[in-house]
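Going by our numbering, 1159 is the number at position 122 of the sequence shown; the sequence numbering is gapless. Note that beta-carbon positions come from the ideal geometry of N, C-alpha and C, so glycine has one too.
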Amino acid sequence: MERKPVLATSYELSAWNPILEKSEGDRAAPYLLELAGCLMDPLEQNRIVGRLHAHILCDWIINLEGMLEVEPSWGYLRKIMDADAGGGVCPDVAACLYVPQERVERGDLMVVERVEVLPEYEGWGFGGELIEDAFRTAARNVSLAVLRPFPLQFEGGERHSPAPSPWGPEWHQAMCLNQRECSKEDAMKRIIASYRRAGFVDLSDEPDPLMGKPA
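See the structure below:
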């Protein structure tokens, strides 16, 4: 493509999702939402060319510890909390985000699980735009978005062995993950660089990097 195409976005929020199925009764139901986003090309009959999957933790400073009891795999989020102060965002994290601490503590937290853009649409920053548009539409009360960058072609544990896509085999095939030739190190550098261009900053280093962006 010689020119950046003009694409449309669409989002759906759900108050029920697999994480909540692990909880006891409705204990977690009031404060966790699932967000699904789509990037569409109007010139291709609204063909879906990008996808977003995220969770929104409402009033996250209050509800994070309770959520971690339901979903221990989110334990990495403790990296951004101030354990010494008994809660709240670590001042160093707020400093990295270049915003007042109270700004990121107020409102909801978006935990970005996956962002996928088809190869022919990569390089235009659409993944970042899919997240940014969510701030303005479906997730307007979000104060902070966090994600763990990782090249999906290595998700299965080995090169050219990507894990099955949650969006089905057709989407998995269209992503062409098993045809990407760069090393895991180079792929990680590229994906981190792409999120930096989208406004995300480093909140923790390797081997388990975490990035964040204030809304």
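Just grab the DSSP bridge partners of residue 1047 for me. Locating residue 1047 in the sequence shown gives position 10, counting from the first residue. Answer is 1075.
What separation, rounded to the nearest whole angstrom, lies between the Cα atoms of residue 1098 and residue 1040? As a position in the sequence shown, residue 1098 is number 61, starting the count at 1. As a position in the sequence shown, residue 1040 is number 3, starting the count at 1. If you take the alpha carbons of residue 1098 and residue 1040, they lie about 42 Å apart.
I need the boundaries of the alpha helix (DSSP H) containing residue 1117, first residue and last residue. On the sequence shown, residue 1117 is found 80 positions in, with the first residue counted as 1. Note, residue 1117: premise wrong, no alpha helix (DSSP H); not H, not E.
Can you name the start and end residues of the beta strand (DSSP E) that residue 1251 belongs to? Position 214 of the sequence shown holds residue 1251. It spans 1247-1251 - the beta strand (DSSP E) in which residue 1251 sits, taken as one unbroken run.
May I ask you to list the residues that DSSP assigns as paired with residue 1153? As a position in the sequence shown, residue 1153 is number 116, starting the count at 1. Residue 1153 pairs with 1088.
Specify, as a first and last residue, the run of the beta strand (DSSP E) that residue 1179 falls within. Here residue 1179 refers to the residue found at position 142 when the sequence shown is read from its first residue. Element bounds for residue 1179: 1179-1184.
What is the DSSP secondary structure of residue 1126, counted as helix, strand or coil? Sequence index remark: in the sequence shown, residue 1126 carries index 89 (1-based). Residue 1126 sits in a strand when the DSSP states are folded into three classes.
CB-CB under 7 Å to residue 1167, same chain, minus the five flanking residues each way: which ones, in chain order? As a working mapping, residue 1167 is identified with position 130 in the sequence shown. Within its own chain, the residues whose Cβ lies closer than 7 Å to the Cβ of residue 1167, once the five positions on either side in sequence are excluded, are 1046, 1074, 1076, 1087, 1089 and 1152, listed in chain order.
The beta strand (DSSP E) spanning residue 1239 covers which residue range? Here the question's residue 1239 lines up with position 202 in the sequence shown. Where residue 1239 is concerned, the enclosing beta strand (DSSP E) stretches over 1238-1241.
Go ahead and label residue 1156 buried or exposed: buried means 16 or more other beta carbons lie within 10 angstroms of its beta carbon, across all protein chains shown. Here residue 1156 refers to the residue found at position 119 when the sequence shown is read from its first residue. With fewer than 16 Cβ atoms within 10 Å of its Cβ, residue 1156 is classed as exposed.
Under three-state DSSP, which class holds residue 1253? One cannot answer for residue 1253 here, as it falls past the ends of the chain, which runs 1038 to 1252.
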